[in-house]
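What follows is a short report on a single structure.
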Amino acid sequence: MRCPFCHSDNDKVLDSRSAQAGYRVRRKRVCQECGRRFVTMEHIEALNVRVVKSDETREPFDREKIRRGIERACSKRSVASETIEATVQQIEAAIYSEFDFEIPAQKIGEVVLRFLADVDEVAYIRFASVYREFSGATDFLKIISGIEKRSSLNGEGTPPIDDVEHESLGQEKFKRKSRAERNGS
Numbered sequence: 001m002r003c004p005f006c007h008s009d010n011d012k013v014l015d016s017r018s019a020q021a022g023y024r025v026r027r028k029r030v031c032q033e034c035g036r037r038f039v040t041m042e043h044i045e046a047l048n049v050r051v052v053k054s055d056e057t058r059e060p061f062d063r064e065k066i067r068r069g070i071e072r073a074c075s076k077r078s079v080a081s082e083t084i085e086a087t088v089q090q091i092e093a094a095i096y097s098e099f100d101f102e103i104p105a106q107k108i109g110e111v112v113l114r115f116l117a118d119v120d121e122v123a124y125i126r127f128a129s130v131y132r133e134f135s136g137a138t139d140f141l142k143i144i145s146g147i148e149k150r151s152s153l154n155g156e157g158t159p160p161i162d163d164v165e166h167e168s169l170g171q172e173k174f175k176r177k178s179r180a181e182r183n184g185s
């Protein structure tokens, strides 16, 4: 690793620690040339997953698009940035574990909704309204009634997303497939 001060590539690692739920490694280093200390963060190189858009074009998966969408949905809500980062990591991990090379853009939205439901109800509704292109108040009423129905059944705050809501909005159900099912084994 090059020293950010003298640009020497002769350094020594003083300490390594797992960070962000094991998705990153934080290393304290000391430059052997100038003696200054610096910290590096290492993360797993993303797999080459491609997103298949509705017009059949393909583009590389970009976790920052997910982060920006969640940040917009959580705007002016009391959702900590650490919670947003953890949610993005969970979504990214789910995508990499459920899809090998390509993922339809629609599925990304469903995965985001699945995790956002546990973060904040208002953010969930905001994201769903953009992702599902709500056309009027009835779309909002359907999603709110679905949330209320699940809340009353579970007796908890924000329940997890389920198939009832997808069906009420005419969306394809999100079904998690095992790796064996995806590979046809």
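Per full-length UniProt numbering, residue 1 is the first one in the sequence shown, and the count goes up by one each step. For every residue, glycine included, the Cβ atom is placed at its ideal position computed from N, Cα and C.
query	result
For SER18 and LYS149, I'd like the C-alpha separation in whole angstroms.	40 Å
In chain order, what residues of the same chain lie with their CB nearer than 7 Å to the CB of TYR124, ignoring the 5 residues before and after it?	LEU113, LEU116 and ALA117
Bridge partners for THR40 per DSSP, in chain order?	ARG27
Ends of the beta strand (DSSP E) at ALA19?	11 to 19
Report the three-state DSSP secondary structure of LEU169 (helix, strand or coil).	Model confidence at LEU169 stands at a pLDDT of 39, short of 50, so the residue's coordinates are unreliable; what they give is reported in the following sentence. LEU169: coil per DSSP, three-state reduction.
Looking at the secondary structure, which residues open and close the alpha helix (DSSP H) in which ARG114 lies?	105 to 116
Please report how far the alpha carbon of VAL119 lies from the alpha carbon of ARG37, in whole angstroms.	37 Å
Just the C-alpha distance for TYR23 and ILE44, rounded to the nearest angstrom, thanks.	7 Å
Excluding the five sequence neighbours on either side, which residues of its own chain have a C-beta within less than 6 Å of the C-beta of ARG67, listed in chain order?	VAL88
Hey, how far is the Cα of ALA93 from the Cα of ILE84?	14 Å
Helix, strand or coil for ARG50, going by three-state DSSP, please let me know.	strand
Measure how close the beta-carbons of VAL51 and ILE103 come, nearest whole angstrom, since I'm counting them as under 8 Å.	6 Å
For GLU59, which three-state DSSP category applies?	strand
Taking the alpha helix (DSSP H) that GLU92 belongs to, which residues open and close that run?	81 to 98
Where DSSP assigns a beta bridge to GLU102, which residues make up the other side?	ARG50
At the level of alpha carbons, what is the spacing between ASP9 and TYR96?	33 Å
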